[in-house]
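The structure under discussion appears below in the form of structure tokens.
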Amino acid sequence: MRLSVVSCCLTLFFAHAVSAMDSSVVRQLDALTPRERLEQRCDIEAMNRIAKDNKQMRPDKVIAYTFGRASASGNKLSAPGAVFRSREHWYRLKYTCQTDNKHLDVLNFSYQIGAEVPRASWSKYYLYN
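FYI, the numbering for the sequence shown is 12 to 140, going by this note's numbering.
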């Protein structure tokens, strides 16, 4: 439950975040466990990259584990079953992300946007508007 509440708050806070993080953002991330911080930082990076690379997209939420478990190893997170929401639509997403040891600076990031998730499937995967 803690991760869900923190995730929701951080996602709302970072929906329009710029690449450089201010001290309040860093404090919020520092309050998380290292694993939670890695996932949240990578989700934020996914939103930023998608928005930058795809001007028609306005991502406001990323979930790393909707269609498959995200796996972390050290400073790397692989999320082959992720999703993101943009303009009240959900899309499949795969990403890999590598951060520094504090999980604050992203060193490498790659992603692939997949198909739109049909609205009829949203409840099955706990997706929402």
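A virtual CB, placed ideally from N, CA and C, is assigned to each residue, including glycine.
### Task
Take Asn109 as the anchor and find which of Ser97, Ala126 and Gly85 has the nearest alpha-carbon.
Residue 109 sits at position 98 when you count from the first residue of the sequence shown. The residue you asked about is not Asn; residue 109 is Gln in the sequence shown. Considering only alpha carbons, the answer is Gly85.
### Where Glu127 falls: helix, strand or coil (DSSP)
Start at 1 with the first residue of the sequence shown, and residue 127 comes out as number 116. In the structure shown, Glu127 sits in a strand (DSSP, three-state: E or B).
### Message
So, with DSSP's three-state summary, where would you put Leu88?
### Response
By one-based count along the sequence shown, residue 88 stands at place 77. If DSSP states are grouped into helix, strand and coil, Leu88 belongs with the strands.
#### Entry: Runs of beta strand (DSSP E) wholly within the segment 48 to 128 (minimum 3 residues, chain order)
For the segment 48 to 128, whole beta strand (DSSP E) runs of length 3 or above, ordered along the chain, are 70 to 74, 82 to 84, 87 to 97, 100 to 110 and 117 to 127.
### Own chain partners of Ala126 with C-beta closer than 6 Å, once the 5 adjacent residues on each side are dropped
Your numbering for residue 126 matches position 115 in the sequence shown. Arg103.
### Message
Buried or exposed for Pro45, going by 16 or more other Cβ atoms inside 10 Å?
### Response
As a first step, residue 45 is located in the sequence shown; it is residue number 34 there, counting from the start. Its Cβ having fewer than 16 others within 10 Å, Pro45 is exposed.
### Leu49 vs Ala83 beta-carbon contact at 7 Å
Numbered from 1 along the sequence shown, position 38 holds the residue referred to as residue 49. Numbered from 1 along the sequence shown, position 72 holds the residue referred to as residue 83. Yes, Cβ-Cβ distance for Leu49 and Ala83 is below 7 Å.
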